[in-house]
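Q: Below are the structure tokens for one structure; questions will follow.
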Amino acid sequence: TTGPALEPANPLAKAPVGRPPRTVDGFAREFLRELNFGEGVALSRSSQNDQYLALARTIRHYLMADWLETARRRREHPTKMVGYLSAEYLLGRQMGNALLATDLGAIADQALRSLGLDLRTLRAQEVEPGLGNGGLGRLAACFVDSLATMDVPCIGYGIRYEYGIFRQTFEGGRQVEVPDSWLSLGGPWEFPHPDRAVTVGFGGSTETFVEETADGSGHQITRSRWVPAWNVLGVPYHYMVPGYQNGVVNTLRLWSARATQAFDLQIFNSGDYATAVRAQTFAENISKVLYPEDSTPQGRELRLQQQYFFVACSLKDFIDRTLEKDFDLHRLPERIIFQLNDTHPVIAIPEMMRLLMDEHGMEWDEAWSVTQRCFAYTCHTLLPEALEVWPVELVGRLLPRHLEIIYRINEEFLETVRETFPGDELRVRRMSIIQDHPERAVRMANLATVAGVKVNGVAELHSQLLRDKVLPDFSELWPDKFTNVTNGVTPRRFIRLANPTLSQLITDTIGVGWETKLERLESLEPYAEDEEFRERFAAAKQANKTRLRELLAVRDGIELPEHGMVDVMVKRLHEYKRQTLKLLHIVSLYEQIISGKVAKDAIVPRTFVFGAKAAPGYHMAKEIIYLINSVAATVNADERVKGVLTVAFPANYNVTLANKLIPAADLSEQISLAGKEASGTGNMKFALNGALTIGTDDGANVEIRKLVGDDNFFLFGMDEPQVAALQAKGYVPSAVYESNPQLRSAIDLIASGHFTGGDRGLAATVVDDLLYNDRFMTLADFQSYIDVQGEVDEAYRDQERWTRSAILNVARSGFFSSDRSMKDYLRRIWMPTHD
Ligand code: 6GP
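For the sequence shown, the residue numbers in the UniProt record's numbering are 27 to 861.
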């Protein structure tokens, strides 16, 4: 697809690309060559960053032959591919994963050592590509890892944000965001291809014209076409997605926006520099920065530009460059399924219609039949405010042709609804792709549901609620369209890389190869009764705790105690996730000790660890962060609880920190209000690393509990039907407060200003919301949470029992490999067998 095949005279050019030797000397030589010829420095004069860049490129060389070979194989034997469309990929550091995929860790380590360098130090140089907010973006990264490991043809399409998720710092306990300039010291993992840029239009208007039909009958039809007002270039950057030690390397193709013309030389010469580069700045803004909002989109114009930009580039790339020339587009569904990662890429649906009709001459019905078979939609939320709607005014101004197409899709769809449910205009209004109130807007989830082959939720409970509560009319109309695929996580990154000590123990016990057959972990089950195994398992956990203590001391200047339970809550800061419930638990323990109600030694010593970023515009979330930091400072400084209660809130929780934190955890906090967390994936990572969960009956917690068993899971709180019932009956949080003395004492202590330097006002936002609003029913679940935390203490006192449970959590969680998720997508959505 990139010009005619070369027929070079030199036979060398036909040979497959060479693989560098897999020896210590060979690696060292390759590294020095990169340092000298690639970075242009001598070893003696090189900086750590030079060395990191050279090392990255060296490792890349070992993947290159496999990458080219995988691409060649896919070209020569084209089959149906997965086009994963995602506005986010929260990749995490690349180097460790590349070393694992190539199995070069030991060789690289020795080679660097022979040069007086240290692999761990160089690995720590890497700034992780944080091109995502949280669960949704990390899931996309796990999925492309699994697809490569399973040798499934997949292109991941997304945006190469110049700035990823902000770096979080704390000033006086408050979150301050710093731009994440992850590329500033070089991007050794990416391959830019400016020569393969594609052009994307925006704005302008549509015009109609008359044309004779293609059948030669002489009939005339009126067609429409788009005349954009301005264009932007999309430059693809390729990233390797290596499978796990299987010789497969897939591609992640991220788009970067450029101006079609650099700048206006005339204006520049006249001295007006700012005006001369305006078009350039305007275009490049599109891929400048990731919107830092998780589950609460703000609906900004630039965000819609980003969405359209990357899907338009991706569809064009697939049709014009990936498919062989002259491929009959009527057969497109045989060759691609585009998976829509939430509603962010849904504008791809009218874009596909536009391409097929306006650029490839199809009639509406043909184009619609093709389009409907090329997309499937995953929903990742249950919060109504997270379902994207775009004002018609904005869509019409930015993408006038797409708005026309959306209207026509809607018209035909509503006709079907009226035929199926005659006289039910209320239903028609509910199902319409266009909403009228509070403003005329396009409901992207409805559009995706109408056009998609399948719609899936991300855990059993979520998929059920999606059918029953979020899209009930659609599931009534098309029951077979709805399905579930429970999320998963890649065991390569989240066990092998994150937890080498546990990994070694697993391999020693059940042999090699479990990383790609995670159900095999079940053969660990009998070892829960083996004392020697339990000892080694507990020692691995202890080693991970020590590793965490050392890291946090250096990274954040935080001193953690050597002993006690490590109780971790790491995830985005969101009210529905209820970090405040965790906080109330801590404050309550603290209050009971300092007031003498409970003896200090009656409590199991605990270290509470938080990690959470708040969307910069999410005021309540930022107040909660401030309160957590305030409580941490007060509790840690209070001699009366020293050695018993410690609160750590390291700033800037990201994938890199997760890899150190999760393996050290004893207790995993998954405490969202039932019916609000679509799935969770952190919950899976903790269980797989031998933490026990305290959690509500929400998201994938339900499935974790079913698999690990009630004895090995701490369930608390209302379930979803109970939440709905309380909602219906009328929930009064202040009544809960009045009737529960322990809760009252905790809230009163916060409200008194005890943690905020005596200032009551500083705690008031959070306290008042809990008392008079409490949308996520924190107070209603408080007592149950406290009671079950008592059971956690009890269980932890019996270390043998605890370790047994932790082992069973690992042994019974193999289901949560993202490889299994991929098999489910393949069978249920992407390539269903015709039986
Ligand atoms: C998240 C969900 O909140 C989380 O429960 C789930 O595990 C994850 O997606 C992966 O499926 N959703 C988002 O991050 C989001 O922005 C619109 O949803």
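Cβ atoms here follow ideal geometry from the backbone N, Cα and C, with glycine treated the same way.
Three or more beta-carbon pairs under 8 Å between the region 304-314 and the region 172-183, yes or no?
A: no
Q: Near ligand 1, which residues have their beta-carbon closer than 7 Å to a heavy atom?
A: 159, 160, 161, 162, 165, 320, 321, 368, 406, 407, 412, 484, 513, 703, 704, 705, 706, 707 and 725
Q: Could you check whether residue 209 and residue 327 sit closer than 8 Å to each other, using their CB atoms as the reference points?
A: No, these two residues do not count as a Cβ contact at 8 Å.
Q: So who's on the other strand from residue 231, going by DSSP bridges?
A: Beta-bridge pairing links residue 231 to 253.
Q: Spatial neighbours of residue 28 within its chain, please: C-beta separation below 7 Å, excluding the five flanking residues on both sides.
A: Annotation note: pLDDT 47 at residue 28 (below 50); position unreliable, coordinate value reported separately. Taken in chain order, the list of residues that qualify is empty.
Q: Please state whether DSSP places residue 852 in a helix, a strand or coil.
A: helix
Q: Closest to residue 370 by C-alpha separation, out of 113, 134 and 782, would be which residue?
A: 113
Q: Nearest to residue 292 by CA position, among 286, 378, 303 and 699, is which residue?
A: 303
Q: Measuring CA to CA, which of 728, 803, 275 and 378 is closest to residue 604?
A: For residue 604, the closest C-alpha among the options 728, 803, 275 and 378 is that of 803.
Q: I'd like the ranges of any alpha helix (DSSP H) spanning at least 4 consecutive residues and lying wholly in the region 470-548.
A: 470-477, 486-491, 498-503 and 526-536
Q: Check the DSSP bridge columns for residue 278 and list the partner residues they point to.
A: 182 and 265
Q: Do you know how far the Cα of residue 430 is from the Cα of residue 442?
A: 19 Å
Q: Are the CB atoms of residue 269 and residue 175 nearer to each other than 8 Å?
A: yes
Q: Give a yes or no on whether the C-beta atoms belonging to residue 651 and residue 638 are separated by under 8 Å.
A: Contact check for residue 651 against residue 638 passes: the beta carbons are separated by less than 8 Å.
Q: With burial defined as no fewer than 16 other Cβ atoms inside 10 Å of the residue's Cβ, what is the status of residue 500: buried or exposed?
A: buried
Q: Output the distance between the C-alpha atoms of residue 234 and residue 356, rounded to the nearest integer angstrom.
A: About 24 Å.
Q: DSSP three-state label for residue 152, please.
A: coil
Q: Can you tell me where the alpha helix (DSSP H) with residue 218 in it begins and where it stops?
A: Premise fails: residue 218 lies in the beta strand (DSSP E), 216-218, not in any alpha helix (DSSP H).
Q: Exposed or buried, residue 798, counting other C-beta atoms within 10 Å across all chains shown (16 or more means buried)?
A: exposed
Q: Roughly how many whole angstroms lie between the Cα atoms of residue 553 and residue 179?
A: 38 Å
Q: Could you round the C-beta distance between residue 563 and residue 531 to whole angstroms and report it? I think they count as a contact, below 8 Å.
A: 6 Å
Q: For residue 426, which three-state DSSP category applies?
A: Here DSSP, grouped into helix, strand and coil, assigns residue 426 to helix.
Q: Please report the residue range of the beta strand (DSSP E) in which residue 655 lies.
A: First-last for residue 655: 645-663, but that is the alpha helix (DSSP H), not the beta strand (DSSP E).
Q: Is the separation between the beta-carbon of residue 387 and that of residue 240 shorter than 8 Å?
A: yes
Q: Out of 614, 724 and 63, state which residue places its alpha-carbon closest to the alpha-carbon of residue 407.
A: 724
Q: How many Å lie between residue 782 and residue 822 at the Cα?
A: 32 Å
Q: From the DSSP output, in three-state form, read off residue 204 for me.
A: strand
Q: With residue 714 as the anchor, note down where its alpha helix (DSSP H) starts and where it stops.
A: From DSSP, the alpha helix (DSSP H) with residue 714 extends over 708-714.
Q: Determine the extent of the alpha helix (DSSP H) in which residue 299 is found, giving its start and end residues.
A: 299-302
Q: Should the region 715-731 be called in touch with the region 750-764, which here means at least 3 C-beta pairs below 8 Å?
A: no
Q: Roughly how many whole angstroms lie between the Cα atoms of residue 67 and residue 75?
A: 11 Å
Q: Between the Cα of residue 611 and those of 673, 322, 857 and 850, spot the shortest distance and give me the residue it belongs to.
A: 673
Q: Rounding to the nearest angstrom, what Cα-Cα distance links residue 599 and residue 154 in this structure?
A: 21 Å
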